[in-house]
Structure formats: C-alpha cells, structure tokens
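Protein chains in written order, with the numbering used here: chain A, 1 to 259; chain B, 260 to 333.
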C-alpha cells in the first residue's frame, strides 16, 4: 500500500463489513493527527439507521412519508380565498369565535291535528323542541291555529301546554285562545304567545283573555321552567268546554330569538 | 301511573316540587284550581298552571272522582 494513491488500490467491490478496517487520522486536539483504524461496525454505528415507515419515522393518517415525489397536503388557508368568512369576518386564528344571538325557527307546520270530541281537554297535535335548540336566554314567539269544526252551540278553546313528554298529564298551561262559539260553521283563531326566557325560567302574562293580555301592559303572572338543556314538547290541545263541539289544531309556528 | 306526593301546600310530581298558589281563571277570578272536565283539573302553582287528571295517583291512592282527587291535593 506504501507509495500508492488511494485510486490505485484494489476496490473491495462489496459493502463495508463490520470487521473491515478503515484508516483514519484522528485529531489530537493540538493541530496534529494520529493515524488509527476504525472497524466497519464503528462506521455504521455512527450512521442514521435505515428508515422504516411507522417504525422509526411516523406516518400521516397511516400513509407513509417514504418514497419520491410530493406529499399532497391542503393548501394554506387564506381567509375569503379558500375558506369562507362569516359576515365578512375571518374564522382563521386561535381562540373562541363568539356567535351573536340570532333567529331560530325550530318548527313550522300546517299539519291537521287530531279532531277532539267530548267534554275534555285532549291533545290534537304536538311538536318536540330538542334540547339545545334555544339558549337559556331567549324570546319565543309562538303562533297556533285552533279550529272549531262543529257544534250548533257551545264553546271551544285551543290551548297550548309544555311538558317534558308528549303527554298532557302534568303539563304546564302556556296559553288559552279566546272562546270560540260561532255555531254551525268552521271557525279558526290565530293565537299568539310571547315567552321571555331568562336563565331557563320563562315569564308569561295571563293565560286567559289571550288576545288582550298578550298586548296589554299587565305584569307577568307566571314563571315556569323552560329548560333548554332538556327536550321540550309543545302540546296543542282542544277543550270542548260544554262537550257539544268538535275541534282540532290546524297549524303552528315557533320562532325563537337567542339572546 | 304517575304519583303526586303532597306536603303542606306543596306537591311533588316527576321529581319537581310545586308550591300551590292561586291563579286567574277565565272569569278573571283568583282561584286555586279549576275543574276542566270530569277527569281533569288545572292546578295553580308557582311554576304555572298544571293539568292533572285521574290517571295520576295521590300519595299512591287512586281516584275516580275529580272532586275528591282535587280535594286530596290541598
């Protein structure tokens, strides 16, 4: 090997073996060098091990990062370019996005309810307002249409109740229509109810004389639980006061305004 | 069958306690209750007007007369 250039040496022709020796010049730290040898094993131990997907290099959603070519990734989000805005406000960035109160219409129906006969208060129709539909502070406009179908005489009323189940037993009265007494023809009332809910407690005005009480300056006379964390059923009932009428509910609309 | 538990001016139904109190009826009179049919009654409470009927028991007792049913609540 003496007096030979390295390019003149015989090529090994195979990969470095652990027992092979390589000559090195080790720095003595003072500007000089000392000739030493290291084994093939010494050399390999200083190298990064072969990458094995999911073993010593992570995957992205179970897809290997190994191989050639680009890895497809989502473009950088740019507000109003590839991600929409809300009322011209960006939704990019950290922290909480406060959504201001707004109108919610959880139920509109023109359903013809069950016809009620006999001197009783019975359910003609009902609707479920799922838990979380409204906030704990909200205002609700409720409109319903009771219809007096038959009866040569007698009074019929359309009533609304709320309950945690679709049952009148234990239900809370929320409104009573005006007395419907017109004989021999079908008559319909459009009834409204305004409900102010603060911290899941609702305030109502008087439940009788609805047409006047909803629009008069009467003080609230009731408070009732209106828990937005639980299911709430609005029940549309018919009261055939004297038992000689028949009636049913023929539509309703519930609009809430979360505050 | 749901049970109503009574206790000195209060009733408990479905784990909710109601304080019995007057309300204004259709004739603008202050009343504690209003019979609405042979089997149903509106009861005034601090949580609004509640509809009860003879499907309920009162302190586990069954009633067939709405007047006796109502009297048992007070």
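Idealized CB from N, CA, C, for every residue including glycine.
If you're wondering where the values come from, they're calculated on a predicted model, not measured in any experiment.
DSSP three-state assignment for residue i, whether helix, strand or coil
i, result
"residue 230 of chain A", "coil"
"residue 13 of chain A", "coil"
"residue 188 of chain A", "strand"
"residue 326 of chain B", "helix"
"residue 44 of chain A", "helix"
"residue 7 of chain A", "helix"
"residue 18 of chain A", "coil"
"residue 331 of chain B", "helix"
"residue 106 of chain A", "strand"
"residue 134 of chain A", "coil"
"residue 202 of chain A", "strand"
"residue 172 of chain A", "strand"
"residue 180 of chain A", "strand"
"residue 242 of chain A", "coil"
"residue 259 of chain A", "coil"
"residue 165 of chain A", "coil"
"residue 119 of chain A", "coil"
"residue 265 of chain B", "strand"
"residue 215 of chain A", "In this prediction, residue 215 of chain A has a pLDDT of 48, which is less than 50 and means its spatial position is unreliable; what the coordinates show is noted afterwards. In this structure, residue 215 of chain A counts as coil in the three-state DSSP scheme."
"residue 145 of chain A", "strand"
"residue 112 of chain A", "coil"
"residue 249 of chain A", "strand"
"residue 220 of chain A", "Confidence at residue 220 of chain A is low in this model, with a pLDDT of 48, below 50, so its placement is unreliable and the value that follows should be read with caution. Coil, per DSSP."
Within chain B, partners of residue i - CB distance below 9 Å
i, result
"residue 171 of chain A", "309, 310"
Assigned exposure category for residue i - 16 Cβ within 10 Å defines buried
i, result
"residue 292 of chain B", "buried"
"residue 177 of chain A", "buried"
"residue 218 of chain A", "With a pLDDT of only 39 at residue 218 of chain A, under the threshold of 50, the placement of this residue in the model should not be trusted; the figure read from the coordinates follows. It counts as exposed."
"residue 237 of chain A", "buried"
"residue 248 of chain A", "buried"
"residue 122 of chain A", "buried"
"residue 7 of chain A", "exposed"
"residue 33 of chain A", "exposed"
"residue 277 of chain B", "buried"
"residue 295 of chain B", "buried"
"residue 129 of chain A", "buried"
"residue 56 of chain A", "exposed"
"residue 185 of chain A", "exposed"
"residue 103 of chain A", "exposed"
"residue 74 of chain A", "exposed"
"residue 48 of chain A", "exposed"
"residue 333 of chain B", "exposed"
"residue 202 of chain A", "buried"
"residue 146 of chain A", "buried"
"residue 69 of chain A", "exposed"
"residue 280 of chain B", "exposed"
"residue 3 of chain A", "exposed"
"residue 324 of chain B", "exposed"
"residue 77 of chain A", "exposed"
Chain B contact residues for residue i, given Cβ-Cβ distances below 7 Å
i, result
"residue 252 of chain A", "Residues of chain B passing the Cβ test: none, with the nearest at roughly 19 Å."
"residue 233 of chain A", "Per Cβ cutoff of 7 Å: no residues; residue 233 of chain A is ~13 Å from chain B at best."
"residue 239 of chain A", "295"
"residue 128 of chain A", "Under the 7 Å cutoff, chain B gives no residues; its nearest Cβ is about 17 Å from residue 128 of chain A."
Contacts of residue i in chain B (Cβ-Cβ under 8 Å)
i, result
"residue 121 of chain A", "295, 296, 299, 310"
"residue 225 of chain A", "275, 306"
"residue 161 of chain A", "310"
Contact list for residue i against chain A, beta-carbon separation under 9 Å
i, result
"residue 262 of chain B", "Here the premise fails: no neighbours, minimum Cβ distance about 11 Å."
Within chain A, partners of residue i - CB distance below 7 Å
i, result
"residue 273 of chain B", "170"
"residue 314 of chain B", "169"
Nearest-angstrom beta carbon gap, residue j and residue i [assumed within contact, 8 Å]
i, j, result
"residue 172 of chain A", "residue 267 of chain B", "Wrong, their Cβ atoms sit about 22 Å apart, outside the cutoff."
"residue 254 of chain A", "residue 160 of chain A", "Not confirmed; about 10 Å, so no contact."
"residue 136 of chain A", "residue 228 of chain A", "5 Å"
"residue 195 of chain A", "residue 142 of chain A", "7 Å"
"residue 250 of chain A", "residue 188 of chain A", "7 Å"
"residue 39 of chain A", "residue 18 of chain A", "6 Å"
Chain D contact for residue i (CB, 7 Å cutoff)
i, result
"residue 229 of chain A", "No chain D appears in the structure shown, which is made up of the protein chains A and B."
- Query: Which ranges does the beta strand (DSSP E) cover as unbroken runs of at least 3 residues, wholly within the stretch 21-92 of chain A, from first to last along the chain?
  - Reply: 21-27, 33-39
- Task: Only counting runs of 3 or more residues, tell me where the beta strand (DSSP E) segments fall wholly within the stretch 278-316 of chain B, in order along the chain.
- Result: 292-294, 299-304, 307-312
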